[in-house]
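J.: For the sequence shown, the UniProt record's numbering gives the first residue as 8, with consecutive numbering after it.
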Amino acid sequence: NVAINTKGLASFHEHLKKSTRVLALLGAGLSASSGLPTFRGAGGLWRTHDATSIATPEAFNADPSLVWQFYSYRRHSALQAQPNPAHFALAELARKMPGFQALSQNVDGLSPRADHPPEHLQLLHGSLFDVRCTDRRGCGYSETNFTDPIVPALAIPTSGIDPSSDEARQAQSNQVHAKQQGKDLDISDINVPLPSVATHDLPICPKCQKHLLRPGVVWFGESLPKQVLDNVDDFVEAGAIDMIMVIGTSAKVYPAAGYTEVARSKGARVCVVNMDENDRPAGGWQEGDWFFKGDAAVLVPMLLE
Ligand code: BJW
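1) Quick one: does the C-beta of Ser230 sit closer than 6 Å to a heavy atom of ligand 1?
2) Could you give the distance in angstroms between the alpha-carbon of Leu100 and the alpha-carbon of Leu30?
3) I'd like to confirm something about Ser257: is its beta-carbon nearer than 6 Å to some heavy atom of ligand 1, or not?
4) Thinking C-alpha only, which one of Leu97, His20, Phe153, Asn68 is nearest His83?
5) I need the boundaries of the alpha helix (DSSP H) containing residue 379, first residue and last residue.
6) Does the beta-carbon of His123 have 16 or more other beta-carbons within 10 angstroms, so that it is buried, or is it exposed?
7) Are the Cβ atoms of Val235 and Gln129 separated by less than 7 Å?
8) What does a CB cutoff of less than 6 Å around Lys214 pick up in its chain, not counting 5 residues either side in sequence?
9) Classify Arg47 as helix, strand or coil using the three-state DSSP reduction.
10) My understanding is that Gly34 touches Ser257, with C-beta atoms under 8 Å, so please give their C-beta distance in whole angstroms.
11) Using a Cβ-Cβ cutoff of less than 8 Å, which residues in the same chain neighbour residue 318 once the five nearest sequence positions on both sides are dropped?
12) Put Ile168 into one of helix, strand or coil per three-state DSSP.
13) Report the residue from Leu306, Pro308, Arg271 whose alpha carbon sits nearest the alpha carbon of Glu294.
14) For Leu110, which of helix, strand or coil comes out of DSSP?
15) Does ligand 1 have a heavy atom nearer than 6 Å to the CB of Phe298?
16) Are the Cβ atoms of Leu161 and Ser79 separated by less than 7 Å?
17) Any heavy atom of ligand 1 closer than 6 Å to the CB of Val260?
18) Rounded to a whole number of angstroms, what is the C-alpha to C-alpha distance between Trp292 and Leu23?
19) Identify whether Leu32 lies in helix, strand or coil by the three-state DSSP scheme.
20) Taking 7 Å as the threshold (C-beta atoms), are Ala121 and Ala98 in contact?
21) At which residues does the alpha helix (DSSP H) containing Leu135 begin and terminate?
22) Is Ala62 near ligand 1 - that is, is its Cβ less than 6 Å away from at least one heavy atom of it?
23) Would the beta-carbon of Ala109 be found less than 6 Å away from any heavy atom of ligand 1?
24) Excluding the 5 residues flanking Gly265 on each side, which residues of the same chain have their C-beta closer than 7 Å to its C-beta?
25) Cβ-heavy atom distance between Asn91 and ligand 1 below 6 Å?
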């Protein structure tokens with residue numbers, strides 16, 4: 008499934024060899040061959056939901072049970088998944104090239120688990136495994152938490168449904184079907200009814216013991232972590248950039264997508280790795296760009312070898 012222009016590969020390798028300051032903008036396609044669904048497009052996580060009905064603070068305030076179930080499922084899937092050769096190749100580049108920074112939009116923890124040095128990895132959209140108190144007036148509690156499920160009520164997809172209801176029978180049959188295929192229930196399937204989990208059974212802050220915890224990810228309308236933005240700005244301001252690799256992202260979400268144009272303004276050439284040639288870098292194609300079509304898990308190790 009790899010359509011690669013060998014002339015392009017040679018010129019890419021030649022340019023990489025001369026490069027000392029390189030960015031990589033990473034998206035969900037990087038983790039696709041680890042078995043984690045992307046967000047948009049066919050098979051995407053949000054195919055049956057409006058993104059804004061889940062990945063916003065308003066959605067969490069309106070229905071924390073729905074939103075926590077979505078994230079509990081995502082935490083579980085990410086923990087089952089393994090980093091793929093592309094995560095390892097990027098981690099290796101980070102160890103070899105002091106002027107390399109990966110700007111990851113992924114919250115799945117696979118780059119850290121591939122031993123990507125943290126000082127070369129900016130988690131633009133946070134992590135599924137950071138949780139923090141929702142109290143706005145200053146509890147300030149946060150922790151890294153890999154417990155799966157994070158609370159017992161988020162364990163069983165059918166819990167909370169009246170066991171005699173049609174909903175429960177449908178959920179049960181979907182679950183049996185999924186289990187027969189060796190899979191967990193697919194929560195993004197609209198045919199899978201979600202139980203309602205009582206708010207008091209959701210993760211509660213252990214410090215204030217009052218407010219809910221929330222996933223430490225960046226939702227629409229929220230600012231990206233200040234320290235992360237500062238780190239990226241410092242890198243950009245430190246000098247010319249030789250190249251930005253744009254890997255497995257639809258480049259539709261800002262400010263992340265905008266880093267391609269920022270890098271261009273510092274002289275960078277652009278290399279896109281994507282299954283879909285319609286997913287252009289923000290600002291469009293320019294003379295001298297590389298496009299490698301196919302699976303990032305195959306292409307990235309070839310590009311970085
Ligand atoms: C493969 C493959 C394989 C498949 N190999 N490839 C400027 C203009 C317009 C709007 C804005 C703007 N600036 C800010 C905004 C508002 C908003 C925004 O961007 N909206 C747009 C959608 C229009 N941005 C924000 O709100 C951001 N905050 C912010 O800017 O604060 C200040 C501010 C607020 C309000 C107004 C103005 C300023 C925050 C954005 C947070 C995004 N959060 C999410 C959810 C995180 C939690 C979670 O995971 O649930 O982050 S949204 C979701 O999209 C997630 C992802 O990180 C992000 C990007 O998705 P990604 O990774 O690109 O995935 P896909 O599915 O879209 O694409 C996958 C790609 O892989 C495809 O191309 C496939 O072809 C490819 N692929 N398999 C290689 N094997």
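Glycine included, every Cβ here is placed at the ideal spot set by N, Cα and C.
T.: On the basis of the data shown:
1) Against the sequence shown, residue 230 aligns to sequence position 223. Correct: Ser230 has its Cβ closer than 6 Å to ligand 1.
2) Start at 1 with the first residue of the sequence shown, and residue 100 comes out as number 93. Start at 1 with the first residue of the sequence shown, and residue 30 comes out as number 23. When rounded, the distance between both Cα atoms is 11 Å.
3) Reading the sequence shown from its first residue, position 250 is the one you call residue 257. Because some heavy atom of ligand 1 lies under 6 Å away, the Cβ of Ser257 counts as near it: yes.
4) Here residue 83 refers to the residue found at position 76 when the sequence shown is read from its first residue. His83 has its Cα closest to that of Phe153, out of Leu97, His20, Phe153, Asn68.
5) No answer is possible for residue 379: it lies beyond the span of the chain, which begins at 8 and ends at 312.
6) Translated into positions along the sequence shown, residue 123 becomes position 116. His123 should be labelled buried.
7) Residue numbering aside, residue 235 sits at position 228 when the sequence shown is read from its first letter. Residue numbering aside, residue 129 sits at position 122 when the sequence shown is read from its first letter. Yes, Cβ-Cβ distance for Val235 and Gln129 is below 7 Å.
8) Taking the sequence shown and counting its residues from 1, one reaches residue 214 at position 207. The answer, listed in chain order, is Cys146, Tyr148.
9) If you number the sequence shown from 1, residue 47 lands on position 40. The answer is coil: DSSP assigns Arg47 none of H, G, I, E or B.
10) As a working note, residue 34 is residue 27 in the sequence shown. As a working note, residue 257 is residue 250 in the sequence shown. About 7 Å separates the two Cβ atoms, so the contact holds.
11) As shown, the chain starts at 8 and ends at 312. That puts residue 318 outside it, with no answer to give.
12) Taking the first residue of the sequence shown as 1, we reach residue 168 at position 161. The predicted model places Ile168 with a pLDDT of 48, which falls under 50 and marks its position as unreliable, so this point remains unresolved.
13) For the purposes of this step, residue 294 is identified with residue 287 of the sequence shown, where counting begins at 1. Per the Cα distances, Arg271.
14) Position 103 of the sequence shown, counted from the start, is the residue given in the question as residue 110. The answer is strand: DSSP assigns Leu110 an E or B state.
15) One-based indexing of the sequence shown puts residue 298 at position 291. No, the Cβ of Phe298 stays beyond 6 Å of every heavy atom of ligand 1.
16) Start at 1 with the first residue of the sequence shown, and residue 161 comes out as number 154. Start at 1 with the first residue of the sequence shown, and residue 79 comes out as number 72. In this structure, Ser79 lies closer than 7 Å to Leu161 by Cβ.
17) For the purposes of this step, residue 260 is taken as the residue at position 253 of the sequence shown. Val260 Cβ: within cutoff of ligand 1.
18) Numbered from its first residue, the sequence shown carries residue 292 at position 285. Numbered from its first residue, the sequence shown carries residue 23 at position 16. About 19 Å.
19) Here residue 32 corresponds to residue number 25 of the sequence shown, with the count starting at 1. Three-state DSSP puts Leu32 in a strand.
20) Numbered from 1 along the sequence shown, position 91 holds the residue referred to as residue 98. Numbered from 1 along the sequence shown, position 114 holds the residue referred to as residue 121. Going by C-beta atoms, Ala98 is nearer than 7 Å to Ala121.
21) As a working mapping, residue 135 is identified with position 128 in the sequence shown. No alpha helix (DSSP H) holds Leu135; the beta strand (DSSP E) holding it covers 133-140.
22) Taking the sequence shown and counting its residues from 1, the one referred to as residue 62 is at position 55. Yes, Cβ of Ala62 sits closer than 6 Å to a heavy atom of ligand 1.
23) Translated into the one-based positions of the sequence shown, residue 109 becomes position 102. Not so, every heavy atom of ligand 1 lies at least 6 Å from the Cβ.
24) By one-based count along the sequence shown, residue 265 stands at place 258. Ala289, listed in sequence order.
25) Residue mapping note: residue 91 aligns to position 84 of the sequence shown, counting from 1. Every heavy atom of ligand 1 is 6 Å or more from the Cβ of Asn91, so no.
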